[in-house]
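> The structure that follows is given in the form of structure tokens.
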């Protein structure tokens with residue numbers, strides 16, 4: 513199923529924030545009170561929402577999310593991003609060593625300036641590249657929730673964070689193996 517269909521099916525009553533980032537960053541999205549949270553993962557037919565979602569993103573859940581080693585298909589993700597429409601309130605692209613740039617290029621031009629934000633760790637050396645693409649909103653990942661409070665809401669809908677992992681991890685490139693495997 514496509515990202516748009518998943519969002520329309522599961523989050524029609526929410527202001528949906530689509531987060532495209534590395535799963536080890538989920539702690540940055542923990543809020544009090546907890547926000548509705550869902551993870552979409554790649555399947556042969558598109559994207560699926562695993563059982564147990566949506567849920568609330570608590571600190572404990574964020575720790576668990578760090579160990580979800582979803583398959584990542586950047587070509588599929590880019591093609592899905594190109595199809596995004598108004599069903600998404602905000603597109604959040606995590607920049608980890610410039611890996612956000614190919615995803616940013618896929619965002620429809622009309623959504624870049626006001627309906628997208630680039631988040632990052634401590635610095636964003638690629639900021640001028642994102643600006644050339646038409647992006648105007650940037651935030652350190654640790655400040656994103658404060659940024660979100662300032663976003664004008666066009667309705668009284670609750671916020672739902674819909675997360676898609678953008679970096680493939682495995683036992684060789686991740687420091688904390690999942691003990692439940």
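In my numbering, the protein residues as written are 513 to 693.
Glycine included, each C-beta is placed from N, C-alpha and C at the ideal position.
Please read these numbers as outputs of a predicted model, since none were measured by experiment.
DSSP beta-bridge partners for residue 670?
526.
> In or out: residue 607 buried (at least 16 other Cβ within 10 Å) or exposed?
It is buried - the Cβ of residue 607 has at least 16 other Cβ atoms within 10 Å.
> Consult DSSP for residue 610 and reduce its assignment to one of helix, strand or coil.
In the structure shown, residue 610 sits in coil (DSSP, three-state: anything other than H, G, I, E or B).
> Determine the burial state of residue 610: buried for a count of at least 16 other Cβ atoms within 10 Å of its Cβ, exposed for fewer.
Looking at its Cβ environment, which holds fewer than 16 other Cβ atoms inside 10 Å, residue 610 is exposed.
> Is residue 532 helix, strand or coil by DSSP?
It is a strand residue.
> Does residue 656 come out as helix, strand or coil in the three-state DSSP assignment?
Here residue 656 sits in helix by DSSP.
> Counting C-beta neighbours from all protein chains within 10 Å, is the total for residue 568 16 or more, i.e. buried, or is it exposed?
Exposed.
> For residue 639, which residues from the same chain have a beta carbon less than 7 Å from its beta carbon, with the 5 sequence-adjacent residues on both sides left out?
The answer, listed in chain order, is 650.
> Span of the alpha helix (DSSP H) holding residue 641?
Residue 641 -> alpha helix (DSSP H) spans 639-644.
> Suppose you measure from the CA of residue 536 to the CA of residue 575; what does that come to, to the nearest Å?
Distance between the alpha carbons of residue 536 and residue 575: 8 Å.
> Tell me which residue opens and which closes the alpha helix (DSSP H) that residue 548 is part of.
Element bounds for residue 548: not the alpha helix (DSSP H) but the beta strand (DSSP E), 548-551.
> With respect to the alpha helix (DSSP H) encompassing residue 587, which residues constitute its N-terminal and C-terminal limits?
That run of the alpha helix (DSSP H) goes 586-594.
> Which residue or residues does DSSP assign as beta-bridge partners of residue 650?
The partner list for residue 650 (beta bridge, DSSP) reads 630.
> Is it a yes or a no for the stretch 541-551 touching the stretch 613-627, going by three-plus beta-carbon pairs under 8 Å?
At 8 Å Cβ cutoff, the stretches do not touch.
> What does DSSP give as the partner residues of residue 559 in its beta bridges?
In DSSP, residue 559 forms a bridge with 554.
> Nearest CA to the CA of residue 701: which residue from 526, 540, 514, 518?
No answer is possible for residue 701: it lies beyond the span of the chain, which begins at 513 and ends at 693.
> Tell me whether residue 568 sits in a helix, a strand or coil according to DSSP, three-state version.
If DSSP states are grouped into helix, strand and coil, residue 568 belongs with the strands.
> Would you mind stating whether residue 630 and residue 656 have Cβ atoms separated by less than 8 Å?
Contact: no.
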